[in-house]
Amino acid sequence: MSHNKSPNVINVEEVFGNPRDADLVLEGKDGFGVSWAWPKELGAGLMTRVKLRSGLALGLADFKIAQDISLGYEQMSMPITFSFCAYRHHPYFIYCTDAKKQLCVAGTNHGSLTYRPEWNGEFHYPHKVPVRQLSICITPELLGMLLSGLQGRIPGEIDALATGTTDISFEQTFTTNPMVNRTVHQIFDCTYNGTLKRFYYEAKALELITYAIDRIIGDENSNHNYEKLSPSDVERVNKAREILLGNLEKPPSLLELSKQVGTNKNKLNRDFQIAFGASVFELLRTSRLEEARTLIESGQFSVTQAAFEVGYAHAGNFTRAFRNHFGSHPKDHMSTTVC
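Residue numbering for the sequence shown is 1 to 339, as defined by our numbering.
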């Protein structure tokens, strides 16, 4: 999958200071975590780093930027990291500056396990697209302890990560499901404080690591070898996605959508599963719910108004779908400024 890099590259230290200060031993003033706010001229939201225990930390990115930018990183080491995206079906891109090539693409319904002992490059984020990205950083020692008993079942590359016997960059992506997305949102929406918050974060982080390892083992032992999409297929599914996201209230049927992008409905659904880890209908449903949440949190829409705005005719159906996806009631996200 190709993508043109944004010319607006900003060094991450100019925005948030030295990211290497936020390693696995980082502690804020309260001994729990520290946050960085996006400069107002670039966007709104926070980047937060939380130490859970020795060898385990969370990175929480919850923001929306006002312009297409790439955050550039100079030579640095990136620890073993499990990453999950919980907002939007718009991918983000990671580039290796030296090789001038795209390393990976991730987005909603995708997660990844990565390790880059020596790396410099860019993270590209699209403008005006809400981002909720969770990173779980773990040391080889703790990962090895968690994986004890799974010898012979896990891929050799991951075993090497857990034993600390590799200095080779590694990346593996996997698809997620609504349960994982709900868990990620629950971490961001946690209302506990202090020690209870740390307990909650750690329990959810271990739950997500468990899911990721299970998915990776399943993919490794599976006989399925999904073909990669051709450039024309990639262009087609991206065009179809844009059509859906631009018509959430009154989207075309699957048959109409497939005709608009020049394919048949079965192939379009299959290609969506490969590209986004979701069917056309699943992507539409998730995008509607995420847009509705954004509208509700804006303070300009009631729950019923937001439901109608994204195409739900019955507020009851919307509320059930919202709770299943986010694990919370839509009213919990209402601003007090809603009339």
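A virtual CB, placed ideally from N, CA and C, is assigned to each residue, including glycine.
Bridge partners - residue i, DSSP secondary structure assignment
| i | result |
| --- | --- |
| L113 | F82 and Q172 |
| I243 | Note: I243 sits in no beta bridge, so no partner. |
| K265 | According to DSSP, which records beta bridges pairwise, K265 is partnered with nothing at all. |
| N11 | G72 |
| V34 | R49 |
| S135 | G59 and S83 |
| G43 | I65 |
Simplified DSSP state of residue i, which is helix, strand or coil
| i | result |
| --- | --- |
| G311 | coil |
| I154 | coil |
| V237 | helix |
| M334 | coil |
| T183 | helix |
| G194 | helix |
| E249 | coil |
| V50 | strand |
| D189 | coil |
| S287 | helix |
| K64 | strand |
| H357 | The first residue shown for the chain is 1 and the last is 339, placing residue 357 beyond what the model contains. |
| Q305 | helix |
| A212 | helix |
| G316 | helix |
| N324 | helix |
| Q273 | helix |
| T163 | helix |
| K101 | Caution applies to K101, whose pLDDT of 49 falls short of 50 and renders its modelled position unreliable; the value that the coordinates give is listed next. If DSSP states are grouped into helix, strand and coil, K101 belongs with the strands. |
| G218 | helix |
| L146 | helix |
| L229 | coil |
| R20 | Because the pLDDT of R20 is 47, which lies under 50, any placement of that residue in the model is unreliable, and the number read from its coordinates should be weighed accordingly. R20: helix per DSSP, three-state reduction. |
Per-residue burial, residue i [other beta carbons within 10 Å of its own, 16 or more giving buried]
| i | result |
| --- | --- |
| G196 | This sequence places Leu at residue 196; Gly is not what is there. Exposed, since its Cβ has fewer than 16 Cβ neighbours within 10 Å. |
| T263 | buried |
| G299 | exposed |
| Q151 | exposed |
| G43 | buried |
| H329 | exposed |
| T210 | exposed |
| G194 | exposed |
| G350 | The first residue shown for the chain is 1 and the last is 339, placing residue 350 beyond what the model contains. |
| S230 | exposed |
| S148 | exposed |
| E14 | exposed |
| E41 | exposed |
| R320 | exposed |
| A370 | Nothing can be reported for residue 370, as the shown portion of the chain is limited to 1 through 339. |
| Y73 | buried |
| M47 | buried |
Distance between beta carbons of residue j and residue i, contact taken as under 8 Å
| i | j | result |
| --- | --- | --- |
| V131 | A212 | Incorrect: roughly 20 Å between the Cβ atoms, too far for contact. |
| Q67 | N8 | 7 Å |
| F322 | T176 | Not confirmed; about 18 Å, so no contact. |
| G327 | H185 | 6 Å |
| D271 | D233 | 5 Å |
| L244 | S287 | 7 Å |
| E309 | E249 | 7 Å |
| N289 | F82 | In the sequence under discussion, the amino acid at residue 289 is Leu, which differs from the Asn named in the question. So it is not a contact: roughly 24 Å between Cβ atoms. |
Other residues of its chain near residue i: CB distance less than 6 Å, five sequence neighbours each side excluded
| i | result |
| --- | --- |
| P117 | S77 and D167 |
| Q133 | A61 and C85 |
| Y115 | I80, L161 and F170 |
| V261 | R236, K239 and A240 |
| F301 | L295 |
| F318 | A307 and Y312 |
Own chain residues within Cβ distance below 8 Å of residue i, not counting five before or after
| i | result |
| --- | --- |
| I216 | L113, I154, P155, I158, Q172 and F174 |
| G55 | L24, I138, T139, E141 and L142 |
| L52 | L58, R198, Y201, E202 and A205 |
| F281 | L254 |
| T340 | Examination of residue 340 is not possible in this model, given that the chain is present from 1 through 339 alone. |
| T294 | P130 |
Contact set for residue i: own chain, Cβ-Cβ below 7 Å, skip 5 residues either direction
| i | result |
| --- | --- |
| G45 | W38, D62, F63 and K64 |
| S258 | N264, K265 and L268 |
| A315 | V303, T304 and A307 |
| E227 | Note that E227 scores a pLDDT of 48, beneath 50, so its modelled location is shaky; the value from the coordinates is reported in the next line. Cβ within range, chain order: n/a, list empty. |
| R182 | H325, F326 and G327 |
| H127 | I65, A66, Q67 and D68 |
| Q273 | S279 |
| I340 | The structure shown does not extend to residue 340, since the chain is modelled only from 1 through 339, so no value can be given for it. |
| H224 | Reliability fails at H224, whose pLDDT of 38 lies under 50, so the model's placement of it is uncertain and the value that follows must be treated cautiously. Nothing meets the Cβ criterion. |
| E291 | L248 and V310 |
Any non-hydrogen atom of the ligand GDP closer than 6 Å to residue i Cβ
| i | result |
| --- | --- |
| T195 | You won't find the ligand GDP in this model; it holds no ligand whatsoever. |
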